[in-house]
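**Q** Encoded as structure tokens, here's the structure I'll be asking about.
Protein chains in written order, with my numbering: chain A, -7 to 103; chain B, 422 to 536.
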């Protein structure tokens, strides 16, 4: 699987939007971009994923660059409960099903 | 409620005393996996299973065994635990349709301490 690069940490204030960047310059044409997050003392949970087009769901939005070499997870209004480690992961479903986690971005949210 | 359960959630044991951490899912998923999480090393896959009686090694399988006799259960066995297996363990499951919507569901974790 191709490698991703994320900032180690980011800070936000409650009720403000948060943009979490991810670089994946070696992404292949069949790699999907997945985001998982891990809340304190919990297992990782799925957030969102996409291939080329921007995606929205009840948790977040995913903006994918036109060349697919980067993407941004957008939390529209951060809450204290969004404080977590966010992982950007590339998955090629033709190659298998393993999730390879990097270090992720630790998001802190202040009230 | 769709979920992955793990037991026990916390375990303190001594070197060499065999132990089993159970994992069960109620979503009829084909794929199940075990990860360990250590500070500075992130989540690493130990073993995975694509279906009943089909298991394979992940990135860090040494010192662990698994079995998949039933679709819903995937126990992790430490035959002779050592202190370097002190870690936070997560079980995960996923459908295996080969479609990009096959997302993984994780259990709550088992914190293991080997003295």
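C-beta: ideal position from N, C-alpha, C; glycine also.
For residue 63(A) and residue 14(A), which I take to be in contact (beta-carbon distance under 8 Å), what is that distance rounded to the nearest angstrom?
**A** Right, their Cβ atoms sit about 5 Å apart.
**Q** Could you tell me the distance, in whole angstroms, from the CA atom of residue 94(A) to the CA atom of residue 12(A)?
**A** Cα to Cα, the separation comes out at about 15 Å.
**Q** Put residue 505(B) into one of helix, strand or coil per three-state DSSP.
**A** DSSP places residue 505(B) in helix when its eight states are reduced to three.
**Q** Is residue 24(A) close to chain B, meaning its C-beta is less than 8 Å from at least one C-beta of that chain?
**A** Yes, residue 24(A) counts as interfacial toward chain B.
**Q** Suppose the cutoff is 7 Å on Cβ atoms and the five residues either side in sequence are ignored; what does the same chain contact list for residue 72(A) look like?
**A** Excluding positions up to five away in sequence, the list reads 6, 101, 103.
**Q** Residue range of the beta strand (DSSP E) that residue 476(B) falls in?
**A** Residue 476(B) -> beta strand (DSSP E) spans 475 to 478.
**Q** So which residues on chain A does residue 555(B) lean against when the C-beta distance must stay under 7 Å?
**A** Given that chain B is displayed from residue 422 to residue 536, the structure contains no residue 555(B) and the question cannot be resolved.
**Q** How many Å lie between residue 535(B) and residue 487(B) at the Cα?
**A** Rounded to whole angstroms, residue 535(B) to residue 487(B) spans 19 Å at the Cα level.
**Q** Please name the residue, chosen from 517(B), 494(B), 503(B), 505(B), that lies closest to residue 442(B) on a Cα-to-Cα basis.
**A** Taking only the C-alpha atoms, the option nearest residue 442(B) is 494(B).
**Q** Check residue 72(A) in the structure and name its three-state DSSP category.
**A** Looking at residue 72(A) - three-state DSSP - the assignment turns out to be helix.
**Q** Exposed or buried, what is residue 36(A) when buried is set at 16 or more other beta-carbons lying within 10 Å of its beta-carbon?
**A** With 16 or more other Cβ atoms within 10 Å, it is buried.
**Q** What span of residues does the beta strand (DSSP E) with residue 532(B) cover, start to end?
**A** Where residue 532(B) is concerned, the enclosing beta strand (DSSP E) stretches over 531 to 535.
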